[in-house]
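S.K.: These protein sequences, in sequence, are chains A and B. Convert by adding 13 to the 1-based position in the first sequence; the result is the number in the working numbering. Convert by adding 1 to the 1-based position in the second sequence; the result is the number in the working numbering. Ideal placement from N, C-alpha and C gives every residue a C-beta, glycine not left out.
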Amino acid sequence: MEHGSFTNDSHASFTLSEEDHTLANAVRFVLNQDPRVTVAAYTIPHPSLEQVNIRVQTTGDPAREVFKDACQELMQMNRHVRSVFDKAVTEYKAAKKLKEEAEEEELKRQRDLFGSMDIESN
Amino acid sequence: MVTKAEKQFAKNFNIFNLPDVPTGLPPHLELQRTRAVCKNDAPIHPTSVLYSGAYASMGVDNSVRLENFSEDFKVDVISLTETDMVFDMIGVPAGIANAFRRILLAELPSMAIEKVFVANNTSVIQDEVLAHRLGLIPIAADPRLFEYLSENDQPNEKNTIVFKLHVKCPKGDPRRKVLTSELKWLPNGSELVKESGGSTTKPKTYTSFSHSQDSFPEFANNPIMPSFQDILIAKLGPGQEIELEAHAVKGIGKTHAKWSPVATAWYRMLPEVILLKEFEGRHAEELVNVCPKKVFDIEDMGQGRKRATVARPRDCSLCRECIREGVEWAKQVDLRRVKNHFIFTIESTGSQPPDVLFNEAVKILEDKCERVISELS
Numbered sequence: 014m015e016h017g018s019f020t021n022d023s024h025a026s027f028t029l030s031e032e033d034h035t036l037a038n039a040v041r042f043v044l045n046q047d048p049r050v051t052v053a054a055y056t057i058p059h060p061s062l063e064q065v066n067i068r069v070q071t072t073g074d075p076a077r078e079v080f081k082d083a084c085q086e087l088m089q090m091n092r093h094v095r096s097v098f099d100k101a102v103t104e105y106k107a108a109k110k111l112k113e114e115a116e117e118e119e120l121k122r123q124r125d126l127f128g129s130m131d132i133e134s135n
Numbered sequence: 002m003v004t005k006a007e008k009q010f011a012k013n014f015n016i017f018n019l020p021d022v023p024t025g026l027p028p029h030l031e032l033q034r035t036r037a038v039c040k041n042d043a044p045i046h047p048t049s050v051l052y053s054g055a056y057a058s059m060g061v062d063n064s065v066r067l068e069n070f071s072e073d074f075k076v077d078v079i080s081l082t083e084t085d086m087v088f089d090m091i092g093v094p095a096g097i098a099n100a101f102r103r104i105l106l107a108e109l110p111s112m113a114i115e116k117v118f119v120a121n122n123t124s125v126i127q128d129e130v131l132a133h134r135l136g137l138i139p140i141a142a143d144p145r146l147f148e149y150l151s152e153n154d155q156p157n158e159k160n161t162i163v164f165k166l167h168v169k170c171p172k173g174d175p176r177r178k179v180l181t182s183e184l185k186w187l188p189n190g191s192e193l194v195k196e197s198g199g200s201t202t203k204p205k206t207y208t209s210f211s212h213s214q215d216s217f218p219e220f221a222n223n224p225i226m227p228s229f230q231d232i233l234i235a236k237l238g239p240g241q242e243i244e245l246e247a248h249a250v251k252g253i254g255k256t257h258a259k260w261s262p263v264a265t266a267w268y269r270m271l272p273e274v275i276l277l278k279e280f281e282g283r284h285a286e287e288l289v290n291v292c293p294k295k296v297f298d299i300e301d302m303g304q305g306r307k308r309a310t311v312a313r314p315r316d317c318s319l320c321r322e323c324i325r326e327g328v329e330w331a332k333q334v335d336l337r338r339v340k341n342h343f344i345f346t347i348e349s350t351g352s353q354p355p356d357v358l359f360n361e362a363v364k365i366l367e368d369k370c371e372r373v374i375s376e377l378s
């Protein structure tokens with residue numbers, strides 16, 4: 014829900030229900046990174062309310078659009094995090110498998126070596 | 002007399018274009034921006050500077066836009082097992098790393114026992130305590146295959162997992178343990194009769210399964226079980242008996258910690274230990290001995306000279322033992338933390354592997370953003 018004014022749309026507060034620091038702090042960070050933003054902050058009016066208020070003031074652009082852009086950007090950051098993370102995990106798993114196979118090979122080689130040595134005839 | 006060329010030069014003059022003016026942030030500000038420095042009594046500059054234009058007057062951009070975030074962001078997996086995972090997350094702001102952690106703890110769904118129907122309990126452990134203990138047992142079932150059970154819903158095969166526990170310690174036997182391995186999964190739903198219908202209708206039970214969970218391809222060949230088979234539920238003396246049925250449903254950690262799919266999830270910033278002066282000979286040995294985490298090593302420089310090196314900075318727990326030792330030590334060792342490098346640890350309870358959990362956590366943050374966008378447009 015947006016609380017703005019009819020005359021100046023560059024200043025607005027947004028109330029998000031059923032959200033907490035998890036989203037608000039991340040969005041606040043992204044908002045502050047936007048050069049169009051002059052003030053971005055959030056508050057939780059009361060700890061027993063499941064609600065956050067986010068204040069956005071811009072240099073002139075509509076606050077609603079800037080806020081939406083910030084959410085969009087956070088979403089794209091998350092997508093990137095997910096793809097990089099998945100890649101890193103697959104690589105790690107592949108490397109681990111290769112290592113295990115090499116170890117098994119080495120163990121087998123040593124076992125063969127011992128097997129071929131005729132200990133009793135010595 | 003000022004010439005035209007000189008005028009032009011003065012107009013275009015920018016101090017940063019001179020060859021001997023350093024560009025970028027001066028070292029002390031760069032240190033403030035990227036590191037938290039731990040002093041004897043407290044850390045300094047632990048917060049990060051949020052505003053993107055904070056250093057604009059020095060010609061430095063402090064923003065983390067998507068383009069440079071994509072370039073800088075890196076993940077290094079340190080270790081990964083079925084239940085534990087450690088990885089380095091580099092180039093991510095603290096607020097976002099914390100969002101992932103919070104979601105892992107409180108907003109990821111998992112299955113946990115919510116309703117317990119006690120038919121008989123003659124053990125010393127009370128019904129409500131037993132029910133609480135059962136609730137905390139992690140269950141190895143993928144919550145993505147189930148739906149939430151809302152207030153008006155009938156428990157059915159899509160939202161409820163039913164377990165039966167019937168154990169008895171016969172008279173004359175020694176005391177025995179009741180372990181999670183004795184929880185038996187009932188794929189056809191509850192067996193407890195709620196009310197006996199007429200002789201023609203089937204008796205009503207506490208669940209209404211339309212078909213068996215066995216028939217789901219995911220569970221056909223791997224029955225649903227607790228994540229660990231050796232968790233102690235209760236102890237029975239001779240002649241005591243427990244008979245009950247436990248219904249597990251989907252939930253999130255915000256409602257009750259039993260639904261949290263992680264034992265814990267946490268991160269710490271990468272420690273950085275810098276020796277500002279050389280520690281040689283006796284001093285080097287003192288430094289090595291004072292550190293309980295064995296961060297320092299002694300390096301042989303030949304001709305009997307020895308000096309201390311920082312061998313394992315990652316092990317530093319920031320106990321500050323090495324800077325407590327007198328004033329001059331505090332000036333010679335610098336303990337820092339890299340602000341955007343997180344060593345992230347996830348300990349899963351065994352319901353899902355930790356890498357899947359993290360992936361799901363990031364997806365949930367994405368969904369939150371999407372919800373806000375759709376609400377505003």
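Establish whether the CB of B:N360 and some CB of chain A are separated by less than 8 Å.
M.R.: Here residue 360 of chain B is taken as the residue at index 359 of the second sequence, counted from 1. True, the Cβ-Cβ gap to chain A drops below 8 Å.
S.K.: Under a three-way DSSP split, which group does A:Q64 fall into?
M.R.: For the purposes of this step, residue 64 of chain A is identified with residue 51 of the first sequence, where counting begins at 1. DSSP places A:Q64 in strand when its eight states are reduced to three.
S.K.: My guess is that B:T181 and B:S349 are in contact by the Cβ rule of under 8 Å, so how many angstroms apart are they, rounded?
M.R.: One-based indexing of the second sequence puts residue 181 of chain B at position 180. One-based indexing of the second sequence puts residue 349 of chain B at position 348. Actually they do not touch by this definition, with Cβ atoms about 17 Å apart.
S.K.: Please name the residue in B:T310, B:F164, B:F101 and B:N122 whose C-alpha comes closest to that of B:K116.
M.R.: The residue labelled residue 116 of chain B in the question sits at position 115 within the second sequence. Taking only the C-alpha atoms, the option nearest B:K116 is B:F164.
S.K.: Counting only runs that start and end within the region 56-119 of chain A, where is the beta strand (DSSP E) found for 3 or more residues in a row?
M.R.: For the region 56-119 of chain A, whole beta strand (DSSP E) runs of length 3 or above, ordered along the chain, are 64-71.
S.K.: Does the region 55-68 of chain A come within contact of the region 28-36 of chain A, defined as at least 3 CB pairs closer than 8 Å?
M.R.: Segments in contact, yes.
S.K.: Please check if any C-beta of chain B sits within less than 8 Å of the C-beta of A:Y105.
M.R.: Counting from one through the first sequence, the residue named residue 105 of chain A turns up at place 92. Cβ-Cβ to chain B under 8 Å: yes for A:Y105.
S.K.: Along the region 61-77 of chain B, what residues have a CB closer than 8 Å to any CB found in chain A?
M.R.: Going along the region 61-77 of chain B in chain order, one finds S64, V65, R66, L67, F70, S71, F74, K75, V76 and D77 with a Cβ nearer than 8 Å to chain A.
S.K.: Can you find at least 3 beta carbon pairs, one from the region 96-103 of chain B and one from the region 238-252 of chain B, that sit closer than 8 Å?
M.R.: Contact between the region 96-103 of chain B and the region 238-252 of chain B is absent, because fewer than three Cβ pairs lie under 8 Å.
S.K.: B:A175: buried (16+ other C-beta within 10 angstroms of its C-beta) or exposed?
M.R.: Indexing the second sequence from 1 puts residue 175 of chain B at position 174. Residue identity check: residue 175 of chain B is Pro in the sequence provided, not Ala. Classification for B:P175: exposed.
S.K.: Report the option in B:V334, B:Q214 and B:D316 whose CA atom is closest to the CA atom of B:L146.
M.R.: Within the second sequence, the letter at position 145 stands for residue 146 of chain B. Among B:V334, B:Q214 and B:D316, the Cα nearest to that of B:L146 belongs to B:Q214.
S.K.: Which whole-angstrom value is the C-beta distance of B:P227 and B:L184, which I expect to be below 8 Å?
M.R.: Position 226 of the second sequence, counting from 1, holds the residue named residue 227 of chain B. Position 183 of the second sequence, counting from 1, holds the residue named residue 184 of chain B. Contact holds; Cβ gap of about 6 Å.
S.K.: Determine contact between the region 321-330 of chain B and the region 105-122 of chain B, defined as no fewer than three beta-carbon pairs at a distance below 8 Å.
M.R.: The region 321-330 of chain B is not in contact with the region 105-122 of chain B.
S.K.: Counting only the same chain and skipping the five closest in sequence on each side, list residues whose C-beta sits under 6 Å from that of B:S80.
M.R.: Residue 80 of chain B sits at position 79 when you count from the first residue of the second sequence. V87, listed in sequence order.
S.K.: At a threshold of 7 Å, does B:V263 count as lining the ligand ZN (C-beta to nearest heavy atom)?
M.R.: Absence of the ligand ZN from the depicted structure is noted, as is the absence of any ligand whatsoever, leaving it without description.
S.K.: Here's a check: name, in chain order, each residue in its chain whose Cβ is nearer than 8 Å to the Cβ of B:Y1, leaving out the five neighbours to either side.
M.R.: Since the displayed chain B opens at 2 and closes at 378, residue 1 of chain B lies outside it and no answer follows.
S.K.: Measuring CA to CA, which of B:N41, B:A43, B:P218 and B:T48 is closest to B:Q33?
M.R.: Here residue 33 of chain B refers to the residue found at position 32 of the second sequence. Minimum Cα distance to B:Q33 is reached at B:T48.
S.K.: Distance check for B:Q333 and B:I225, CA to CA, integer angstroms please.
M.R.: On the second sequence, residue 225 of chain B is found 224 positions in, with the first residue counted as 1. On the second sequence, residue 333 of chain B is found 332 positions in, with the first residue counted as 1. Going from the Cα of B:I225 to the Cα of B:Q333 covers about 58 Å.
S.K.: Quick one: which chain A residues come within Cβ less than 9 Å of B:N99?
M.R.: For the purposes of this step, residue 99 of chain B is identified with residue 98 of the second sequence, where counting begins at 1. Ordered by position in chain A, the residues that pass the 9 Å Cβ test against B:N99 are H34, T35, N38 and A39.
S.K.: Against A:V97, what residues of chain B qualify as contacts under a CB-to-CB distance less than 8 Å, listed in chain order?
M.R.: Along the first sequence, read from residue 1 onward, the residue named residue 97 of chain A stands at position 84. Going along chain B in sequence order, the residues near A:V97 (Cβ under 8 Å) are F74, K75 and V76.
S.K.: Can you pull out the residues from the region 66-89 of chain A whose beta carbon lies closer than 8 Å to at least one beta carbon of chain B?
M.R.: Residues passing the 8 Å Cβ filter: R77, F80, K81, C84, Q85, E86, L87, M88 and Q89.
S.K.: Mind listing the chain B neighbours of A:L29? Cutoff is C-beta to C-beta under 7 Å, in chain order.
M.R.: Walking along the first sequence from the start, residue 29 of chain A turns up at place 16. Residues of chain B passing the Cβ test: V373.
S.K.: Name the residue from B:G25, B:G92, B:H46 and B:A37 whose alpha carbon lies nearest to the alpha carbon of B:H342.
M.R.: What you label residue 342 of chain B is simply residue 341 of the second sequence in a count that begins at 1. Of B:G25, B:G92, B:H46 and B:A37, the residue nearest in Cα terms is B:G92.
S.K.: Along chain A, which residues have their Cβ under 8 Å away from the Cβ of B:D335?
M.R.: Numbered from its first residue, the second sequence carries residue 335 of chain B at position 334. Chain A residues near B:D335: none, gap ~28 Å exceeds 8 Å.
S.K.: What span of residues does the alpha helix (DSSP H) with B:W330 cover, start to end?
M.R.: Residue 330 of chain B sits at position 329 when you count from the first residue of the second sequence. That run of the alpha helix (DSSP H) goes G327 to Q333.
S.K.: Residues of chain A with CB closer than 8 Å to the CB of B:Y52, please, in chain order.
M.R.: As a working mapping, residue 52 of chain B is identified with position 51 in the second sequence. Near B:Y52 (Cβ distances below 8 Å), the residues of chain A are N45.
S.K.: Classify A:L126: buried if its beta carbon has 16 or more other beta carbons within 10 angstroms, exposed otherwise.
M.R.: Mapped onto the first sequence, residue 126 of chain A falls at position 113. A:L126 should be labelled exposed.
S.K.: Could you list which residues in chain A have their beta carbon closer than 9 Å to that of B:V363, in chain order?
M.R.: Here residue 363 of chain B is taken as the residue at index 362 of the second sequence, counted from 1. Simply N91, R92, V94, R95 and F98.
S.K.: Can you confirm whether B:G305, when its beta carbon is compared against all beta carbons of chain A, has any partner nearer than 8 Å?
M.R.: As a first step, residue 305 of chain B is located in the second sequence; it is residue number 304 there, counting from the start. Judged by the 8 Å Cβ criterion, B:G305 is not in contact with chain A.
S.K.: Looking at the secondary structure, which residues open and close the beta strand (DSSP E) in which B:K159 lies?
M.R.: Here residue 159 of chain B corresponds to residue number 158 of the second sequence, with the count starting at 1. That residue, B:K159, is in no beta strand (DSSP E); it is neither H nor E in DSSP.
S.K.: Around the Cβ of B:D21, are there at least 16 other Cβ atoms within 10 angstroms (buried) or fewer (exposed)?
M.R.: Position 20 of the second sequence, counted from the first residue, corresponds to residue 21 of chain B. Exposed, by the Cβ-count rule.
S.K.: Can you tell which of A:H16, A:A101 and A:F42 has its C-alpha closest to the C-alpha of B:F359?
M.R.: The residue labelled residue 359 of chain B in the question sits at position 358 within the second sequence. With distances taken between Cα atoms, B:F359 lies closest to A:A101.
S.K.: Going along chain A in order, which residues have a C-beta closer than 8 Å to the C-beta of B:I232?
M.R.: For the purposes of this step, residue 232 of chain B is taken as residue 231 along the second sequence, with counting starting at 1. Those within 8 Å of B:I232 in chain A number zero; the least Cβ separation is about 28 Å.
S.K.: Any idea what DSSP makes of B:H257, helix, strand or coil?
M.R.: In the second sequence, counting from the first residue as 1, residue 257 of chain B sits at position 256. Reduced to three states, the DSSP call for B:H257 is coil.
S.K.: Which whole-angstrom value describes the C-beta separation of B:F74 and A:V97, a residue pair presumed to lie in contact below a C-beta threshold of 8 Å?
M.R.: Counted from its first residue, the second sequence places residue 74 of chain B at position 73. Counted from its first residue, the first sequence places residue 97 of chain A at position 84. So it is a contact: roughly 6 Å between Cβ atoms.
S.K.: Return the chain-ordered list of same chain residues with a C-beta closer than 6 Å to the C-beta of B:N41, the five sequence neighbours on each side being excluded.
M.R.: Locating residue 41 of chain B in the second sequence gives position 40, counting from the first residue. Once the five neighbours on either side are set aside, the close Cβ partners of B:N41 are I324 and A331.
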